[in-house]
Amino acid sequence: MKPVSRSPFVVLTIVAIVLLAFASVGPVVYKALTSTGIKTGEIHTDGALPASTDMEGTWEVIHGSGANMTSVGYTFHEILPGEDKDTSGSTHDVTGTVTVTGTQLTQAKIVVAMDTLETDVEKRDINVRRGILHTEDYPEAVFAVDKPVSIDGITEDGTVGHVTVPGVLTLHGVSKNVDAPLDILRTGNRVIIGGTVPINRLDFDVQTPEFVAAVIDEQGELNIRLTLEKV
45 MKPVSRSPFV
55 VLTIVAIVLL
65 AFASVGPVVY
75 KALTSTGIKT
85 GEIHTDGALP
95 ASTDMEGTWE
105 VIHGSGANMT
115 SVGYTFHEIL
125 PGEDKDTSGS
135 THDVTGTVTV
145 TGTQLTQAKI
155 VVAMDTLETD
165 VEKRDINVRR
175 GILHTEDYPE
185 AVFAVDKPVS
195 IDGITEDGTV
205 GHVTVPGVLT
215 LHGVSKNVDA
225 PLDILRTGNR
235 VIIGGTVPIN
245 RLDFDVQTPE
255 FVAAVIDEQG
265 ELNIRLTLEK
275 V
């Protein structure tokens with residue numbers, strides 16, 4: 045049988061199609077492999093003012109603005125082919141209240157909409173929501189406090205104080221006791237809360253499905269920054 049010959053024009057056309065396909069898909073794949081996502085940052089103290097209201101009462105999480113906008117997210121270490129990196133996802137869709145009586149935090153409930161978590165790669169976001177966090181079944185994560193915690197260490201002069209708050213974290217349908225080391229800034233009529241809470245994803249039955257190319261570390265962290273105003 046005679047070998048099939050292709051004209052130079054046909055060969056060039058096939059090559060052009062392959063190159064165009066790579067040009068359109070390649071950047072997306074490269075970004076998914078190299079991007080570190082969107083991380084919730086620390087409290088920013090630039091322009092902080094002395095407190096203009098006392099702490100006692102009920103405080104509500106608000107959207108906030110600027111560098112201290114409310115945000116909660118995660119960071120985990122990943123091992124990819126040829127590269128190790130940390131990947132983060134965040135959301136501004138956070139609600140909740142904190143109640144203070146005297147010098148004690150007596151009650152708190154913070155709710156995070158897990159189905160709105162975003163990195164900066166849409167396909168990765170979809171995989172995380174559907175295949176790892178299963179947000180259709182577990183759309184919310186909740187941190188709740190129902191035992192008094194002293195907040196004597198919180199200052200009113202526009203500087204950051206520190207307090208560790210024990211509570212119950214419910215994530216992926218599993219509830220565990222955690223200690224949250226928090227930075228707290230009183231500035232004007234607002235309170236800004238920030239912190240990094242270490243977690244082990246396996247404690248919350250968060251598994252890595254087979255289709256995920258990266259090896260995800262068991263140890264990770266929750267990144268927290270909340271802006272609150274008194275109700």
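Adding 44 to a residue's 1-based position in the sequence shown gives its number in our numbering. In this text, a Cβ means the ideal position worked out from N, Cα and C, and glycines have one as well.
CA-CA distance, residue i and residue j?
| i | j | result |
| --- | --- | --- |
| residue 272 | residue 206 | 16 Å |
| residue 230 | residue 253 | 42 Å |
| residue 68 | residue 165 | Any reading at residue 68 needs caution, since the residue's pLDDT is 42, under 50, leaving its predicted position unreliable; the model's value is listed next. Distance between the alpha carbons of residue 68 and residue 165 is about 15 Å. |
| residue 98 | residue 259 | 47 Å |
| residue 200 | residue 175 | 44 Å |
| residue 80 | residue 238 | 21 Å |
| residue 202 | residue 95 | 7 Å |
| residue 149 | residue 262 | 31 Å |
| residue 185 | residue 178 | 12 Å |
| residue 194 | residue 122 | 37 Å |
| residue 190 | residue 212 | 9 Å |
| residue 129 | residue 89 | 28 Å |
| residue 233 | residue 124 | 45 Å |
| residue 151 | residue 103 | 10 Å |
| residue 248 | residue 235 | 30 Å |
| residue 138 | residue 127 | 33 Å |
| residue 268 | residue 225 | 10 Å |
| residue 8 | residue 181 | Residue 8 is absent from the structure shown; the chain starts at 45 and stops at 275. |
| residue 115 | residue 83 | 9 Å |
| residue 250 | residue 208 | 25 Å |
| residue 242 | residue 154 | 17 Å |
| residue 192 | residue 221 | 15 Å |
| residue 172 | residue 158 | 10 Å |
| residue 187 | residue 117 | 13 Å |
| residue 142 | residue 215 | 20 Å |
| residue 167 | residue 196 | 45 Å |
| residue 91 | residue 204 | 13 Å |
Just to confirm the assignment, what range does the beta strand (DSSP E) spanning residue i have?
| i | result |
| --- | --- |
| residue 265 | 259–274 |
| residue 234 | 234–244 |
| residue 221 | 218–231 |
| residue 206 | 204–215 |
| residue 121 | 115–124 |
| residue 148 | 148–157 |
| residue 129 | 127–135 |
| residue 104 | 101–106 |
| residue 92 | Here residue 92 belongs to no beta strand (DSSP E), and DSSP marks it neither H nor E. |
Given that a residue counts as buried once 16 or more other Cβ atoms are within 10 Å of its Cβ, and exposed if not, what is residue i?
| i | result |
| --- | --- |
| residue 275 | exposed |
| residue 146 | exposed |
| residue 109 | exposed |
| residue 218 | exposed |
| residue 74 | Note that residue 74 scores 38 on pLDDT, short of 50, meaning its location in the model is unreliable and no value can be drawn from it. |
| residue 93 | exposed |
| residue 112 | buried |
| residue 227 | buried |
| residue 100 | exposed |
| residue 170 | exposed |
| residue 66 | For residue 66, the predicted model reports a pLDDT of 39, less than 50, meaning its position is unreliable; a value from the coordinates is still stated below. Classification for residue 66: exposed. |
Can you tell me where the alpha helix (DSSP H) with residue i in it begins and where it stops?
| i | result |
| --- | --- |
| residue 166 | 166–171 |
Between the stretch 154–163 and the stretch 130–143, do three or more beta carbon pairs fall short of 8 Å? yes
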